[in-house]
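To start, the structure under review is shown below, and the notes come after it.
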Amino acid sequence: MEIPYNVQPRPDTGLYNSKLGIWLFLASEVMLFGGLFSAYILLRVGAEPGYWPHGWLDVRFGTLNTILLALSAITTLLAWVACKVGEFGKFKFFHACTIVLALTFLGVKMYEYHDKWIHYEIKLADGTFADGHMESAVYVDKSGKELESHSYRGNGFTEVTDGVTNSYQLASVTIDGRIVKDETLLYDLRSQKNIPRDPVTITADKITSMENYGPWHNTFLAIYFTLTGLHALHILGGTFVIGYMWGPGSKMWKTNREQFTNRIEVSGLFWHFVDLVWIFLFPVLYLT
Amino acid sequence: MSDSHQTKSATAHAAVDEHPVDFNKYVRLCAVIFVAVLCAVGAMIYISYLPMDHYSWAVKVALILGVATVNAFLVAGFLMHLLTEKKLIYTVLAFTVFFVTGLFVLTLYAMHDFPAGTQTH
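Chains as they are written, first to last, in this note's numbering: chain A, 1 to 288; chain B, 1001 to 1121.
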């Protein structure tokens, strides 16, 4: 069955159908992200004074990702223009650039996530707080044999070696960070200059609780991971579509050039929307 | 190739060529937009580091979001061709703006509307 008005605009709307379709889809996407931005506002305004983080995210990475997405929006547009003027080689080049830029964006985002994943806040028995990136954790078994792990594996774990099951208990952790008396000092990093970072080793008996900077740590990180995670999924999905258009989907250029050009336009509109979302995510999460 | 297919293909070409585009003109436009986006990003970062004793948090947030809105206008208006779109798309977007504004307004309106017995800090 042939879908009507795939290439020519409908006389009543003045648009080809897939263009109207993508705009309707983008309208629903605005509502989706709008709901999450509303949640952000609610959480932020409702946060206890002194407990909303400032300076937790590295502005340099946010800026880099903003530039990467802005460049990718431009290469997407130029890929479409190349199709319009019939220059397939240029289309291939610009769309390849878009894919590379998108994957670089995701790489930077993964690095940022990893940085949060290995960042721990440790509440100590004397009421102070240790905060920093996990360097190593030392575990001991019942016989006193030590095992050094470069990641935290909980308070204890079991490991089977040569058919023998060993149970290990946490002995100490070493982080690259600092110890503070007032927890609010860990929240406002913007107002502090030259925050010291030194290796700090803490024995297990002094640890009351410890938690990494995952989405469960506080409401800021919960909404940060939700918003940027959903955005990253959009980037990933868009990259698949653009990758398909660049690779196997580009065969259509030989059979139906106009429809192919329209597909590039529609996928480009989605990509620009993803860029638009980031234009607001960057200042909201990194700068304010 | 059948006659009907050829006719359809020719019409399709005509549909695409309704708005002839100049590649170099687009490259120049993109360069201008990119520089404007860079300036907007720079301005947002600069504002965010302004001293708090001169500018309140609310003023800084308003300024930053203002610059972000200009940035978004550049992308939507020029890269998404929203400045020269068809009426139907404006209608769809008008509904979207109405509903998303309602979403924000209702959220802010209900901000301090706690159920009875709720403990607040």
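Ideal placement from N, C-alpha and C gives every residue a C-beta, glycine not left out.
Item                                                                                                                                                                             : Value
Note the first and the last residue of the continuous beta strand (DSSP E) segment covering lysine 123 of chain A.                                                               : 119-124
Does any residue of chain B have a CB that is nearer than 7 Å to the CB of phenylalanine 94 of chain A?                                                                          : no
Any beta-carbon of chain A closer than 7 Å to the one on valine 1061 of chain B?                                                                                                 : yes
Under a CB-based cut-off of 7 Å, is leucine 1082 of chain B close to chain A?                                                                                                    : no
From which residue to which residue does the beta strand (DSSP E) around phenylalanine 157 of chain A run?                                                                       : 156-161
Here's a check: name, in chain order, each residue in its chain whose Cβ is nearer than 8 Å to the Cβ of glycine 238 of chain A, leaving out the five neighbours to either side. : Ala102, Ser267, Phe270, Trp271 and Val274
Check each residue of the segment 256-283 of chain A: if its Cβ is closer than 7 Å to any Cβ of chain B, include it; give the result in chain order.                             : Glu258, Thr261, Leu269, His272, Asp275, Leu276, Ile279, Phe280 and Pro283
Provide the residue span of the alpha helix (DSSP H) that contains valine 1167 of chain B, from first to last.                                                                   : The question about residue 1167 of chain B has no answer, for chain B in this structure spans 1001 to 1121.
Considering just the uninterrupted stretch of the beta strand (DSSP E) at aspartate 131 of chain A, what are its terminal residues?                                              : 129-140
In the DSSP assignment, what are the bridge partners of methionine 210 of chain A?                                                                                               : A/Ile122
Just reading off the alpha helix (DSSP H) that valine 1037 of chain B is part of, what are its end residues?                                                                     : 1023-1048
Could you compute how far the alpha carbon of alanine 137 of chain A sits from the alpha carbon of histidine 114 of chain A?                                                     : 17 Å
Closest Cβ-Cβ distance between leucine 1103 of chain B and chain A: below 7 Å?                                                                                                   : yes
Quick check: the Cα distance between isoleucine 242 of chain A and isoleucine 74 of chain A, rounded to an integer number of angstroms?                                          : 14 Å
Considering only DSSP beta bridges, list what histidine 54 of chain A is partnered with.                                                                                         : A/Asp188
Out of curiosity, what's the CA-to-CA distance linking valine 1032 of chain B and glutamate 148 of chain A?                                                                      : 54 Å
Between glutamine 1006 of chain B and chain A, is there a C-beta pair that is closer than 7 Å?                                                                                   : At glutamine 1006 of chain B the pLDDT is 40, less than 50, meaning the model places this residue with poor confidence and gives no usable figure here.
When the distance is taken between beta carbons, is asparagine 262 of chain A closer than 7 Å to tyrosine 5 of chain A?                                                          : no
Hey, could you find the ends of the alpha helix (DSSP H) tyrosine 1055 of chain B is sitting in?                                                                                 : Element bounds for tyrosine 1055 of chain B: n/a, residue is neither H nor E.
Give me the subset of the segment 56-68 of chain A whose CB atoms are less than 8 Å from a CB atom of chain B, sorted by chain position.                                         : Val59, Thr63, Thr66 and Ile67
Hey, is isoleucine 235 of chain A's beta-carbon within less than 7 Å of any beta-carbon in chain B?                                                                              : no
Kindly indicate which residue of A/Thr228, A/Ala130, A/Tyr139 and A/Ser151 has the alpha-carbon position closest to the one of proline 196 of chain A.                           : A/Ala130
Check this for me: beta carbons of glycine 232 of chain A and lysine 109 of chain A, under 7 Å apart or not?                                                                     : According to the sequence displayed, residue 232 of chain A carries alanine and not glycine. Cβ atoms of alanine 232 of chain A and lysine 109 of chain A: closer than 7 Å.
I'd like the span of the alpha helix (DSSP H) that includes threonine 66 of chain A, first residue to last.                                                                      : 59-84
Determine the burial state of tryptophan 216 of chain A: buried for a count of at least 16 other Cβ atoms within 10 Å of its Cβ, exposed for fewer.                              : exposed
If I follow the unbroken alpha helix (DSSP H) through valine 266 of chain A, where does it start and stop?                                                                       : 257-281
Helix or strand or just coil, what does DSSP make of arginine 178 of chain A?                                                                                                    : strand
Does any residue of chain B bring its CB to less than 7 Å from the CB of threonine 104 of chain A?                                                                               : no
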